[in-house]
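Counted the way this note's numbering counts, the sequence shown spans residues 1176 to 1735.
Don't be surprised by glycine CBs; every beta carbon is placed ideally from N, CA and C.
Just so it is clear, the structure is predicted and the values come from calculations on it, not from any experiment.
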Amino acid sequence: MIQLDGGETYATLTTRLLNKLGNPVENAQINYEASRGFITATGFTDSTGIDTVIFTDLGNPEDVGVADIVTTFSHPGFSNESIQDSLQIYIEDPTFQECSYMEIPSSYPGKIVVRDGGGIESTLIKAEVYDDNGNLINTPTPVVFTLNPLIGDAYLDVVGQTTATAYTVNGVASVSINSGTSPGPVRIEVTCDCDQDGTIDLTSVDVPVIIASGAPYHIEAEYDPQATETIGGGFYRTECAAIISDTWYNPVEDSTYVYWNIDPIAPDTLIDAFVEGVSFTNNEGVISGVAISGVARSSIVYSTDAIGDIGRVRALTFGSNGDSVYTHINEDEGDATLFFLPGEVVLMADATYWDFTFNPDPASIVLTAIVTDYYGNAVVDAPVSFTGTGVAAWGELWLEAYTDEGVNSAGANDGCFTWRDYGADDDPTTSDWGNFNDNHDSFDTTGNGQWDVSEVSEPFDDFGLDGVDGTGDEGEGNGEWDGYSMIGCEAIVHTDIDGMARIIVQYNKTICTLANEDEDTNICTWDDFNSSLTATLMIPQITASDPLEILLTRSQDTCD
1176 MIQLDGGETY
1186 ATLTTRLLNK
1196 LGNPVENAQI
1206 NYEASRGFIT
1216 ATGFTDSTGI
1226 DTVIFTDLGN
1236 PEDVGVADIV
1246 TTFSHPGFSN
1256 ESIQDSLQIY
1266 IEDPTFQECS
1276 YMEIPSSYPG
1286 KIVVRDGGGI
1296 ESTLIKAEVY
1306 DDNGNLINTP
1316 TPVVFTLNPL
1326 IGDAYLDVVG
1336 QTTATAYTVN
1346 GVASVSINSG
1356 TSPGPVRIEV
1366 TCDCDQDGTI
1376 DLTSVDVPVI
1386 IASGAPYHIE
1396 AEYDPQATET
1406 IGGGFYRTEC
1416 AAIISDTWYN
1426 PVEDSTYVYW
1436 NIDPIAPDTL
1446 IDAFVEGVSF
1456 TNNEGVISGV
1466 AISGVARSSI
1476 VYSTDAIGDI
1486 GRVRALTFGS
1496 NGDSVYTHIN
1506 EDEGDATLFF
1516 LPGEVVLMAD
1526 ATYWDFTFNP
1536 DPASIVLTAI
1546 VTDYYGNAVV
1556 DAPVSFTGTG
1566 VAAWGELWLE
1576 AYTDEGVNSA
1586 GANDGCFTWR
1596 DYGADDDPTT
1606 SDWGNFNDNH
1616 DSFDTTGNGQ
1626 WDVSEVSEPF
1636 DDFGLDGVDG
1646 TGDEGEGNGE
1656 WDGYSMIGCE
1666 AIVHTDIDGM
1676 ARIIVQYNKT
1686 ICTLANEDED
1696 TNICTWDDFN
1706 SSLTATLMIP
1716 QITASDPLEI
1726 LLTRSQDTCD
């Protein structure tokens, strides 16, 4: 550095020229150029290969600043080839005022994204040093930049560096800030020792840059059926939500759009439900009333007819390159079951008292469970499990007679109607209509309004609900067995269109234990037995009926 003083101060520049063997080159012409100030244009090396010249100023105020000085050697035998070197010397104005204050302007761009986040990952942080006249200083002055606090593994200029020093050029010093894996505001502390006496003269603190989260990369969707609410009109609403994060699992920026849709599970083609199609991160949940960064909330709306149905709910957003980032609710565990908001399960019996002395053994009593939702509507095709104490057996309530011969010997003489629940194509590997829906189905494959294919089953009389041929009642000639099938031949029955599930419960008279035997008269007395029965809806929310009591008794009679 020299001062603008008309040549009173100067810098001595030394150039040394060596050949490729490392030996000095004597009497070689060296050329010099300077962008500011004055330097001798030509010099010659001595016996040691060294040339020395003087650089100074001529007192011109326009020379204040950084002078770029280039030295060049051109071999006389190779005019098109040259070698050169350069350096910088600062010409300062000795009349400048002492630095007075420092500012940190906002960076441009003022927002960068985390590393690999799909956007600009670095920008410049600047410090402007002014004299007491409000002018940017002309003297190169060291400015120290420090990240405090640290933002993950963000750094200044060089990886791992959180403190960097830069000299002002025309009063402005700058360093680059490079993002890491964590988002957040970049708080920078800047200090300046103007006279370089070891004492800090100026300090400034600001937040010129924000490191934002990257584009969506991860997404996970869930729903909260336990918080299902009624919305009137026979409909229900349950909240669903998705969390969206960047490649480093940082929550994405607020107002990132998420698009929702719901589809039925094959082979179904319809579902009486919809999901509100568009939401955005940090929106407020309709039911929860909560907004959280990185969480986009929506709602599933469904009717009574959809209770127990399973829908595939998808949440979709877009990544840094416009690529689709999506997931489904319960993707690894199943799909979204539409919950039953507790209404009522009522259990009834066609007899609540049975005296084995005057009635047949075993006792056969028909149980009927009626399932209605919150609105009192019948819940259709919902599985109901029956349990009870002292039960000898459960029986299927059939409306159309069948031959219990099984299908290819499977299910023969098991007391349950047997069919292959494989759908119209009789293939268990395809998801065609009727496949594994726990109902015996028939199909119109020609579209003429008449069924032509029925699932393979045991032979049955297709006479309808009254079991009498030729009456034309409901179910007659429809190709489907009408009755309350016990699923898997267990005490689980689906509700019909009226929300009723029916089953036969059987008791043996031995349930009544011998209490007394009169040897003189051979008259016996037996203890009564109270059987407690319950019907439980097997779809969430699991709902049970009140217990139903059936009194089983044996009046005094001749001993067995």
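What residue range does the beta strand (DSSP E) around residue i cover?
i, result
"S1539", "1538 to 1547"
"T1190", "1185 to 1191"
"S1351", "1347 to 1353"
"Q1259", "1257 to 1267"
"W1701", "1698 to 1701"
"V1520", "1519 to 1524"
"M1277", "1274 to 1278"
"W1529", "1528 to 1530"
"G1218", "1217 to 1219"
"L1513", "Looking at the DSSP string, L1513 is not in any beta strand (DSSP E), and its letter there is neither H nor E."
"T1670", "It is not in any beta strand (DSSP E) - T1670 carries neither H nor E in the DSSP assignment."
"C1415", "1410 to 1420"
"V1453", "1453 to 1455"
"A1387", "1377 to 1387"
"P1439", "1432 to 1439"
"F1320", "1317 to 1322"
"I1446", "Where I1446 is concerned, there is no enclosing beta strand (DSSP E), given that its DSSP letter is neither H nor E."
Helix, strand or coil: which one does DSSP assign to residue i?
i, result
"E1237", "helix"
"T1479", "helix"
"K1301", "strand"
"I1662", "helix"
"Q1401", "helix"
"T1621", "coil"
"T1685", "helix"
"Q1204", "strand"
"W1573", "strand"
"W1608", "coil"
"G1486", "strand"
"M1675", "strand"
"F1592", "coil"
"G1359", "strand"
"Y1550", "coil"
"F1230", "strand"
"V1566", "coil"
"Y1424", "coil"
"C1367", "strand"
"I1740", "Outside the shown range of the chain, which is 1176 to 1735, sits residue 1740, and nothing can be said about it."
"V1628", "strand"
"K1195", "coil"
"A1390", "coil"
Take the Cβ of residue i as the centre, count every other Cβ of all protein chains shown within 10 Å, and call the residue buried at 16 or more, exposed below.
i, result
"M1277", "buried"
"V1453", "exposed"
"N1583", "exposed"
"G1486", "buried"
"I1698", "exposed"
"D1498", "exposed"
"N1202", "exposed"
"I1418", "buried"
"P1383", "buried"
"N1345", "exposed"
"K1195", "exposed"
"P1391", "buried"
"F1531", "buried"
Would you mind giving the Cβ-Cβ distance between residue i and residue j, rounded to the nearest angstrom? I have them listed as a contact below 8 Å.
i, j, result
"G1622", "G1609", "Not a contact, Cβ separation roughly 16 Å."
"V1726", "Y1528", "What sits at residue 1726 in the sequence shown is Leu, not Val. Yes, L1726 and Y1528 are in contact; Cβ-Cβ is about 5 Å, under 8 Å."
"G1212", "A1242", "5 Å"
"V1361", "I1326", "6 Å"
"T1578", "P1517", "Not really, about 41 Å apart at Cβ, beyond 8 Å."
"G1674", "Y1550", "Not confirmed; about 12 Å, so no contact."
"S1261", "I1279", "Contact doesn't hold; Cβ gap of about 32 Å is too wide."
"G1639", "D1657", "7 Å"
"W1594", "S1632", "3 Å"
Can you determine whether any heavy atom of the ligand PLP sits closer than 7 Å to the C-beta of residue i, and answer yes or no?
i, result
"N1552", "Absence of the ligand PLP is noted for the structure shown, with no ligands found whatsoever."
**Report entry** Contact between the segment 1527 to 1544 and the segment 1644 to 1653 (3+ Cβ pairs under 8 Å)
**Finding:** no
Query - Validate contact between the segment 1707 to 1722 and the segment 1504 to 1522 using beta carbons, cut 8 Å, 3 pairs - result: yes
Query raised in the report: For the segment 1703 to 1711 against the segment 1649 to 1664, are there 3 or more C-beta pairs whose distance is under 8 Å?
Result: no
Report task. Pair every Cβ in the segment 1489 to 1497 with every Cβ in the segment 1678 to 1695, then say whether three or more of these pairs are closer than 8 Å. Result -> no
Query raised in the report: Do the segment 1286 to 1301 and the segment 1415 to 1427 make contact, defined as three or more Cβ pairs closer than 8 Å?
Result: yes
Query raised in the report: Using 8 Å as the Cβ pair cut-off and three pairs as the minimum, do the segment 1279 to 1286 and the segment 1375 to 1392 touch?
Result: yes
Query raised in the report: Is the segment 1246 to 1263 touching the segment 1343 to 1355 in the sense that three or more CB pairs, one from each, lie closer than 8 Å?
Result: no
**Report entry** Sufficient close CB pairs (3 or more, under 8 Å) joining the segment 1670 to 1680 to the segment 1543 to 1560
**Finding:** yes
Query - Inter-stretch contact (C-beta, 8 Å, three-pair minimum) for the segment 1313 to 1333 and the segment 1351 to 1370 - result: yes
Query raised in the report: Are the segment 1221 to 1232 and the segment 1183 to 1193 in contact at 8 Å, needing three or more beta carbon pairs?
Result: yes
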